[in-house]
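Novice:
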Amino acid sequence: MAVVGSSIVVGKVAVARLPIFLLSGLRFAVASAILVTLVLLVERPLPRPARRDVAVLALQAFAGIFAFNVLLLYGLRLTSAAEGGIVTSTTPAVATALAVLTLGERWSRARTLGVALAVVGVLALNTAGGGLGARGPWPLLGNLLVFGAVVGEAVFVVCSRVASQRLSPLAVATAISALGFAMFLPGALLEMRAFPLSRLVLADWAMVGYYGVVVTVVAFLLWARGVARVPASAASVFTGVLPVSALALSYLALGESVTPAHLLAAALVVGGIVVLARAG
24 MAVVGSSIVV GKVAVARLPI FLLSGLRFAV ASAILVTLVL LVERPLPRPA RRDVAVLALQ
84 AFAGIFAFNV LLLYGLRLTS AAEGGIVTST TPAVATALAV LTLGERWSRA RTLGVALAVV
144 GVLALNTAGG GLGARGPWPL LGNLLVFGAV VGEAVFVVCS RVASQRLSPL AVATAISALG
204 FAMFLPGALL EMRAFPLSRL VLADWAMVGY YGVVVTVVAF LLWARGVARV PASAASVFTG
264 VLPVSALALS YLALGESVTP AHLLAAALVV GGIVVLARAG
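Per this note's numbering, the very first residue in the sequence shown carries number 24; after that it's consecutive.
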């Protein structure tokens, strides 16, 4: 999740230079090529997912890859990377609630408190208004889009737990990357009419490479391997690392201001994460 947090900062830069569907299509093309090669070299016998597995993987790819990236990248055009990172802090709360509702995992008063703290943190962020410095052209709408991405990520977490019980981490990562590429391909081909690949400079290819190799291949494999060993509600707690790294990198790499209002909102959300972690 620390690696995925860096994607918010890289994404903020990338969407200012590249069309969103083209960027995502290239990212998952790179990731799919690497992961399919690894499957062919490593997996013996080759994975044979059942129809139920394919349905879960398709939902996981649509919610956690297609919807997540579209909503996140469009949201980052309207809000700052710092605020987008803090909004993603609600992921542990949303994913925990979804895991309880769909997988029958235990709920408790501590989890209620953790969810409440995370929600209050985001409300504090959005009611702080102009005190947050450079917020982007439409910060409220941008933050709402980013929250939509959070819901997609929560579905991704729950589906990860289900898929990991039947398929290897490498098979899961490969399948969702390939499905993600297929979902972005039509839009990417349309955008290439106005933005041909010849317009990409070295810096653009570097961002695509970072997205494809580090944020997708490495992060997906680490996530799939970890979520196979813990309940979905416990795994959701670790998504709280994402906004922490995003907030820090938005300050260090983009020079965005981190104000007391940012820190207050982040502290409330991190408090919620700690409570959720202790709830088990």
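From the three backbone atoms N, C-alpha and C, an ideal C-beta is built for every residue, glycine too.
Give me the Cα-Cα distance between Lys35 and Cys182, rounded to the nearest whole angstrom.
Specialist: 27 Å
Novice: Out of Phe91, Ala122 and Leu126, which has the shortest C-alpha to C-alpha gap to Val138?
Specialist: Ala122
Novice: In the DSSP assignment, the alpha helix (DSSP H) including Arg74 goes from what residue to what residue?
Specialist: Residue range Arg74 to Ala84 is occupied by the alpha helix (DSSP H) that includes Arg74.
Novice: Quick check on DSSP: helix, strand or coil for Thr60?
Specialist: helix
Novice: Could you tell me which of Leu244, Val241 and Leu190 sits nearest to Arg71, measuring between CA atoms?
Specialist: Leu190
Novice: Quick one: residues in its chain with C-beta nearer than 8 Å to the C-beta of Gly235, no 5 flanking neighbours on either side, listed in chain order?
Specialist: Leu49, Arg50, Phe51, Ala52, Val53, Ala54 and Ile57
Novice: How about the segment 221-230 and the segment 82-100: do they share at least three Cβ pairs that are nearer than 8 Å?
Specialist: In this structure the segment 221-230 does not touch the segment 82-100; the number of beta carbon pairs closer than 8 Å is below three.
Novice: What first and last residue would you give for the alpha helix (DSSP H) that runs through Ile88?
Specialist: Where Ile88 is concerned, there is no enclosing alpha helix (DSSP H), given that its DSSP letter is neither H nor E.
Novice: Classify Gly127 as helix, strand or coil using the three-state DSSP reduction.
Specialist: coil
Novice: Nearest-angstrom Cα distance between Met206 and Leu45?
Specialist: 12 Å
Novice: Could you check the C-alpha separation between Gly144 and Pro42 for me, to the nearest Å?
Specialist: 32 Å
Novice: At which residues does the alpha helix (DSSP H) containing Pro162 begin and terminate?
Specialist: Pro162 to Ser187
Novice: Helix or strand or just coil, what does DSSP make of Arg50?
Specialist: helix
Novice: So Gly98 and Gly165 are in contact, right, with Cβ under 8 Å, and what is the actual spacing, rounded?
Specialist: 5 Å
Novice: What's the C-alpha gap between Leu245 and Val79?
Specialist: 19 Å
Novice: According to the Cβ coordinates, are Gln83 and Ala186 closer than 8 Å?
Specialist: yes
Novice: Whole angstroms is fine: what's the gap from Arg184's alpha carbon to Ala133's?
Specialist: Cα to Cα, the separation comes out at about 22 Å.
Novice: Could you check the C-alpha separation between Thr114 and Val195 for me, to the nearest Å?
Specialist: Between the alpha carbons of Thr114 and Val195 lies a distance of about 21 Å.
Novice: My parser needs the alpha helix (DSSP H) runs of 4 or more residues fully inside the segment 222-249; what are they?
Specialist: 225-232
Novice: With a 10 Å radius around its C-beta and 16 neighbouring C-beta atoms as the bar for buried, classify Ser131 as buried or exposed.
Specialist: exposed
Novice: Assign Thr60 to one of two classes, buried (16 or more other C-beta atoms within 10 Å of its C-beta) or exposed (fewer than that).
Specialist: exposed
Novice: Are Leu94 and Ala172 touching if we call contact CB-CB under 8 Å?
Specialist: Yes, they are a contact pair.
Novice: Going by C-alpha distance, which of Pro68, Glu66 and Ser103 is nearest Val38?
Specialist: Ser103
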